[in-house]
Amino acid sequence: MGIDIREGIELWRPRLFNEWLALRPGSYHGGTGSNVASIVANRLYATYLALPRAVTVDRIGLTVNEAAEGAHLRLGIYRDDNLDAYPESLVLDAGVVGGDTTGEKTITIDQHLPAGIYFLAFVADGTPKLWLHADPRWRCPMGQVGTGIGYYGNVWQVNSQAYGALPNPFPTGAASINDEWQIAVRVASVD
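When we follow numbering that gives the first Met the number 0, the leftmost residue of the sequence shown carries the number 0, and every step to the right adds one.
What follows is the structure, encoded as structure tokens:
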């Protein structure tokens, strides 16, 4: 009886479960909602989404809780190219959903996303009420809002962005906010 000695320290490294690696095909991933609030027309919102593994997504959508007459929302996906927790390149301008009726609004897509940081974005020409999570307090690499200790930022907001095709690249100078708007993508498969 003895000790089996091997090169390296690999045998001694603890193996920890990382819940952030969990991605379930058939489920939506993205922003959450526990409150309802009106969005501002001609304002671009981009909700943080970390993907620890490559996926293919087949839907992008959100839920309109209270309709606004004649309203439309344009949805899309941005990539954080340099891992500074700010959206840069437009990956997909997915198209338009109606904000003039209530319910889940989805667009069928077929988009492969390598592991990385993304932002799910929308801009509207009206003011429907959508689900949001006001003042989320969970970990997000975007850092804390403001110059001191405060709430975590989960969304970038461009206060003046005309409704229409999503801009590429994402505009500079967006404000970090801590209201997380409920927009999500459905995972079709995980690589």
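All C-beta atoms, glycine included, are put in the ideal place defined by N, C-alpha and C.
Only a predicted model underlies this, so the values are computations on that prediction, with no experimental measurement involved.
### Task
In angstroms with no decimal places, state the Cα-to-Cα distance between D92 and L72.
Counted from its first residue, the sequence shown places residue 92 at position 93. Counted from its first residue, the sequence shown places residue 72 at position 73. Each residue's alpha carbon lies about 11 Å from the other.
### Host beta strand (DSSP E) of R78 (start-end)
Here residue 78 refers to the residue found at position 79 of the sequence shown. That run of the beta strand (DSSP E) goes 71-78.
### Query
For E179, which beta-bridge partners are listed by DSSP?
Sequence index remark: in the sequence shown, residue 179 carries index 180 (1-based). In DSSP, E179 forms a bridge with H132.
### Message
Pairs of beta-carbons, one from the region 162-177 and one from the region 27-39, closer than 8 Å: are there three or more?
### Response
no
### Query
Leaving out the 5 sequence neighbours to the left and right, which residues in its chain are closer than 7 Å to A123 when beta-carbon positions are compared?
If you number the sequence shown from 1, residue 123 lands on position 124. Excluding residues within five positions, the ones whose Cβ falls inside 7 Å are I38, A40, A70, H71, L72, G98, Y162.
#### Entry: Uninterrupted beta strand (DSSP E) stretches inside the region 23-102 (no shorter than 3 residues)
27-29, 34-37, 43-50, 54-65, 71-78, 88-97
### Query
Would the beta-carbon of I59 fall within 8 Å of that of I116?
Along the sequence shown, one-based indexing puts residue 59 at 60. Along the sequence shown, one-based indexing puts residue 116 at 117. Against a cut-off of 8 Å, the Cβ pair of I116 and I59 comes out as no contact.
### Task
State the Cα-Cα distance for the pair A174 and V35, rounded to the nearest angstrom.
In the sequence shown, residue 174 corresponds to position 175, counting from 1. In the sequence shown, residue 35 corresponds to position 36, counting from 1. Each residue's Cα considered, the two are about 21 Å apart.
### Message
Once the 5 residues before and after A133 are set aside, which same chain residues still bring their CB inside 7 Å of it?
### Response
Within the sequence shown, residue 133 is the residue found at index 134, counting from 1. Hits under 7 Å: N34, D178.
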